[in-house]
Amino acid sequence: MAYVLLHLLWFLLFLITVSTSAQSYHNITLGSSLSTHDKFPYWASLSGEFAFGFKPISGKDLFLVAIWFQNVPDNTIVWTANQGDPVKTGSKIEFTDSGISLTDYRGNEIWSAKSTDNSLATSASMLDTGNFVLRNKDSSIIWSSFANPTDTMLPSQVLDRGSKLTSRLTEGNYSAGRFQIRFQADGNLVFYSTAWPTESIYDPYWASDTDGTGSQLVFNQSGYIYVSVKNGTLVDLNLESSSSVKDFYHTARLDFDGVFRRYTYPKSSTDGRWPQSWSVSSYVPSNICTAIRSETGSGACGFNSYCKLDEDQRPRCECPPGYVHLDATDKFNGCGPNFTTQSCEEDGFKEEVKFQMEEIPSTDWPLADYEHFEGVNEDWCRETCINDCFCAAAIIRDSNCWKKMYPLSNGRMDPSVGGKALIKVGTSTAKPDPTPDKKNDNGWILPESILLGSSVFLNCLLSLAIYLVFYLSNHKKLKDTHQVSNTVGMNLHCFTYKNLEDATDGFKEVVGGGGCSTVYKGAIQFESMRVVAVKRLDKVAEQRDMEFKTEVSAICKTNHKNLVQLLGYCDEGSHRLLVYEFMSNGSLASFLFGSLRPEWYHRVQIAYGIARGLTYLHEECNNQIIHCDVKPQNILLDDYFMARICDFGLAKLLKINQTRTITGVRGTRGYVAPEWFKNMAITAKVDVYSFGVVLLEIICCRKNVEFMMDGEDKEILSEWAYECYKEGNLHLLVGNDEDAICDGKKLERFIKVAIWCIQEDPSLRPSMKKVTQMLEGAVEVSVPPDPASFISAID
Numbered sequence: 087m088a089y090v091l092l093h094l095l096w097f098l099l100f101l102i103t104v105s106t107s108a109q110s111y112h113n114i115t116l117g118s119s120l121s122t123h124d125k126f127p128y129w130a131s132l133s134g135e136f137a138f139g140f141k142p143i144s145g146k147d148l149f150l151v152a153i154w155f156q157n158v159p160d161n162t163i164v165w166t167a168n169q170g171d172p173v174k175t176g177s178k179i180e181f182t183d184s185g186i187s188l189t190d191y192r193g194n195e196i197w198s199a200k201s202t203d204n205s206l207a208t209s210a211s212m213l214d215t216g217n218f219v220l221r222n223k224d225s226s227i228i229w230s231s232f233a234n235p236t237d238t239m240l241p242s243q244v245l246d247r248g249s250k251l252t253s254r255l256t257e258g259n260y261s262a263g264r265f266q267i268r269f270q271a272d273g274n275l276v277f278y279s280t281a282w283p284t285e286s287i288y289d290p291y292w293a294s295d296t297d298g299t300g301s302q303l304v305f306n307q308s309g310y311i312y313v314s315v316k317n318g319t320l321v322d323l324n325l326e327s328s329s330s331v332k333d334f335y336h337t338a339r340l341d342f343d344g345v346f347r348r349y350t351y352p353k354s355s356t357d358g359r360w361p362q363s364w365s366v367s368s369y370v371p372s373n374i375c376t377a378i379r380s381e382t383g384s385g386a387c388g389f390n391s392y393c394k395l396d397e398d399q400r401p402r403c404e405c406p407p408g409y410v411h412l413d414a415t416d417k418f419n420g421c422g423p424n425f426t427t428q429s430c431e432e433d434g435f436k437e438e439v440k441f442q443m444e445e446i447p448s449t450d451w452p453l454a455d456y457e458h459f460e461g462v463n464e465d466w467c468r469e470t471c472i473n474d475c476f477c478a479a480a481i482i483r484d485s486n487c488w489k490k491m492y493p494l495s496n497g498r499m500d501p502s503v504g505g506k507a508l509i510k511v512g513t514s515t516a517k518p519d520p521t522p523d524k525k526n527d528n529g530w531i532l533p534e535s536i537l538l539g540s541s542v543f544l545n546c547l548l549s550l551a552i553y554l555v556f557y558l559s560n561h562k563k564l565k566d567t568h569q570v571s572n573t574v575g576m577n578l579h580c581f582t583y584k585n586l587e588d589a590t591d592g593f594k595e596v597v598g599g600g601g602c603s604t605v606y607k608g609a610i611q612f613e614s615m616r617v618v619a620v621k622r623l624d625k626v627a628e629q630r631d632m633e634f635k636t637e638v639s640a641i642c643k644t645n646h647k648n649l650v651q652l653l654g655y656c657d658e659g660s661h662r663l664l665v666y667e668f669m670s671n672g673s674l675a676s677f678l679f680g681s682l683r684p685e686w687y688h689r690v691q692i693a694y695g696i697a698r699g700l701t702y703l704h705e706e707c708n709n710q711i712i713h714c715d716v717k718p719q720n721i722l723l724d725d726y727f728m729a730r731i732c733d734f735g736l737a738k739l740l741k742i743n744q745t746r747t748i749t750g751v752r753g754t755r756g757y758v759a760p761e762w763f764k765n766m767a768i769t770a771k772v773d774v775y776s777f778g779v780v781l782l783e784i785i786c787c788r789k790n791v792e793f794m795m796d797g798e799d800k801e802i803l804s805e806w807a808y809e810c811y812k813e814g815n816l817h818l819l820v821g822n823d824e825d826a827i828c829d830g831k832k833l834e835r836f837i838k839v840a841i842w843c844i845q846e847d848p849s850l851r852p853s854m855k856k857v858t859q860m861l862e863g864a865v866e867v868s869v870p871p872d873p874a875s876f877i878s879a880i881d
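Encoded structure:
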């Protein structure tokens, strides 16, 4: 009996040990650590309701450092570290007297939590409130997750002046998203949409109107949410819940769609009287679709889409007729036309594409107007839009007609809107396939019957000949493909010409091109249907074939966020095609040289991206790649206006120990370096020169050479820029761009860097790595000399 009791006691002690190791890290001592390899990679609160640590996502290879509900089946996350970016297997969390340190699998610190006043930490705790805290020797809290919130508030948590909540990007992507709640320094609680991926804010779409009096946003222990004001009164946010804190878990979260929602979840003690799921009890604002109305930004949904509330009052983003979602996995990302848009140029498109107006009731894009007409009817409104190449849509309401142009923003469908939207949609003119005339099959005569037997032998010979031709042709194709595959040596899709012809609907929609190639928009099934750009070399002469192989060889082994990704190729017979990821925002040339000046911030980020991409090509590839044709037309912009370098058809590959080469002139007039014309060795400095020209165009939003400029001294941008710099008149280069003028130090730094890049002597130009460092302010930029005879490069 004693033996049995002893074993029972040992078993109970074992259970307690396991339970403790998995759950009861109430006080975490110095030197404690967590690893993704641990069986229990988290520290739990004393009650086991909350946990802090590594939460696996997307299988077992990626983890979020987070705080979550441990007792809820889906382990709902309420806080994330590292801006919501996941870490890989092998990452580690360590607790030292400096605080909490997160290191990646290589041992590099990527996030930390520490005191702002350099106090030393002595203990850490995961509290039952959901707050993870660090304490000093006096047991005072020196850091807490409650004071550094992400998108969620819990009972007993407050949001002080200067604090904010930031939504996640999508339902399953915890990185910073497009919406913020800020408790401003003036005491006002304000909801904003942001210029993602930055934190620049657009116009507010909801406010507590407590400016001058508000002190805190409070989610108290009883579950009441309010703004406390200086005179002791409370401002109710109408985020009530009838569920008690005793029987339900409560959260308030700024969701990825911009709505601040109050959620409840029944605790196990409710004995099954309530469904085991999170329920929305209240939310602000009541209609996000109509609440957002900002002069800038896309609105509740992406550009060229509209927002409507579904049955559970959540926003849903829809595309107008003739449009498709840019990203099928993220409907909030906007839509694009699934047809060739109307051109304002006198070209062949007008004959090939016709347009019609499609109706959408009670829908509007209220801030995309460029013309307004009163006292007109619907037919007149339709006609004026369909004949206007700038008009993408029109709104007809109460005998008023508003014409809209791209991009359509702040779209909403709601009964309060009234009227109707008229969307211009392209329709191809159907041309029936020619049908061969039928011949009379009657009238067979005897000679024909005799010849039929004789033809059997001839048909056999013909079949054999066809087989031999097919075999030899196919063998050659396989050989050619094998040669390219050897040149490529990587994992690319090899497409047939028929694949790409079908993907582009017969090479129907042209989205770009140059003297030797044309780029078409298409869609191909990979893991899912994906929009692509298909580049077809127009003529496969020996030089074109060499450019094809050069482009494949140059880009196939590259992997950088500022390069356009090559997905596959076709090398079939005389056909040479490349398949790239599709860049929805077109080229930098279209972005810079349009009628509207792009925002200074976006131009700065684009300059950074180009510089980083060229640095990668020059210094981080196995073989150095000189692009040789850096210009705005060869820089594309993705969904988020990130710069992506493309078109490697003229690129030059150098071996690791090779720094220069002799070659024929490559590039585009106005962007090529002087050494191309002087029989000099070509180095990566030719790309630096071209980048300097592009950088000036980015700064000034104009082309390098414009012979119609007022005043002869402005025709050559690089010369005018140096004169403005020398005379201290940098403001002239950016016109009325107040953001650029206010950012004067950065403006001056960028211009100085550009002037260094366009020096005639290649040895004076910095490397792209140093250019990047100078642009980012990591390296001081000295006073540049006169670029001298730069004009020789464009004569």
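Residue numbering for the sequence shown follows our numbering, starting at 87 and increasing by one per position. Note that the Cβ used here is the ideal one computed from N, Cα and C, for glycine as well. These numbers come from a predicted model, not from an experiment.
Using a threshold of 7 angstroms, is the CB atom of residue i nearer than that to any non-hydrogen atom of the ligand GTP?
{"i": "N259", "result": "Only the bare structure without any ligand can be found here, which leaves the ligand GTP out of the picture."}
Enumerate in chain order the residues of its own chain whose CB-to-CB distance from residue i is below 8 angstroms, with the five nearest sequence positions on each side excluded.
{"i": "R221", "result": "A207, T208, S209, A210, S211, I227, I228"}
{"i": "D500", "result": "N373, C375, T376, K394, L395, S448"}
{"i": "A609", "result": "A589, M615, R616, V617, V618"}
{"i": "T296", "result": "G273, N274, L275, V313, V315, V321"}
{"i": "D825", "result": "E685, W686, Y687"}
{"i": "E381", "result": "Y288, D289, L453"}
Are residue i and residue j touching if we call contact CB-CB under 8 angstroms?
{"i": "L275", "j": "L251", "result": "no"}
{"i": "D237", "j": "R339", "result": "yes"}
{"i": "V410", "j": "N424", "result": "yes"}
{"i": "N157", "j": "E135", "result": "yes"}
{"i": "V638", "j": "L663", "result": "no"}
{"i": "C471", "j": "Q428", "result": "no"}
{"i": "N390", "j": "L494", "result": "yes"}
{"i": "R348", "j": "V366", "result": "yes"}
{"i": "G461", "j": "I482", "result": "no"}
{"i": "L623", "j": "M669", "result": "no"}
{"i": "F269", "j": "Y278", "result": "no"}
{"i": "T701", "j": "M854", "result": "yes"}
{"i": "C403", "j": "L412", "result": "no"}
{"i": "P848", "j": "E705", "result": "no"}
{"i": "Y351", "j": "F334", "result": "yes"}
{"i": "F342", "j": "E285", "result": "no"}
State buried or exposed for residue i, treating a residue as buried only when at least 16 other CB atoms are found within 10 Å of its CB.
{"i": "R851", "result": "buried"}
{"i": "A767", "result": "exposed"}
{"i": "P407", "result": "exposed"}
{"i": "S308", "result": "exposed"}
{"i": "S177", "result": "buried"}
{"i": "L652", "result": "buried"}
{"i": "D246", "result": "exposed"}
{"i": "C714", "result": "buried"}
{"i": "Y666", "result": "buried"}
Where DSSP assigns a beta bridge to residue i, which residues make up the other side?
{"i": "S198", "result": "S187"}
{"i": "G599", "result": "T604"}
{"i": "D246", "result": "Q302"}
{"i": "S279", "result": "F265"}
For residue i, which residues in the same chain have their Cβ closer than 6 angstroms to its Cβ, ignoring the five residues on either side in sequence?
{"i": "Y757", "result": "K717, S776, V779"}
{"i": "C828", "result": "none"}
{"i": "K621", "result": "S603, V605, L664"}
Taking the C-alpha atoms as reference points, what is the distance between residue i and residue j?
{"i": "D398", "j": "Y369", "result": "12 angstroms"}
{"i": "K417", "j": "G830", "result": "39 angstroms"}
{"i": "A130", "j": "S327", "result": "28 angstroms"}
{"i": "S301", "j": "G863", "result": "37 angstroms"}
{"i": "E834", "j": "N822", "result": "16 angstroms"}
{"i": "K838", "j": "P290", "result": "37 angstroms"}
{"i": "H336", "j": "D160", "result": "15 angstroms"}
Can you list, in chain order, the residues of its chain with a C-beta nearer than 7 angstroms to that of residue i? Leave out the 5 residues immediately preceding and following it.
{"i": "Q442", "result": "V511, T513"}
{"i": "N324", "result": "S368, V370"}
{"i": "I143", "result": "F149, L150, P172"}
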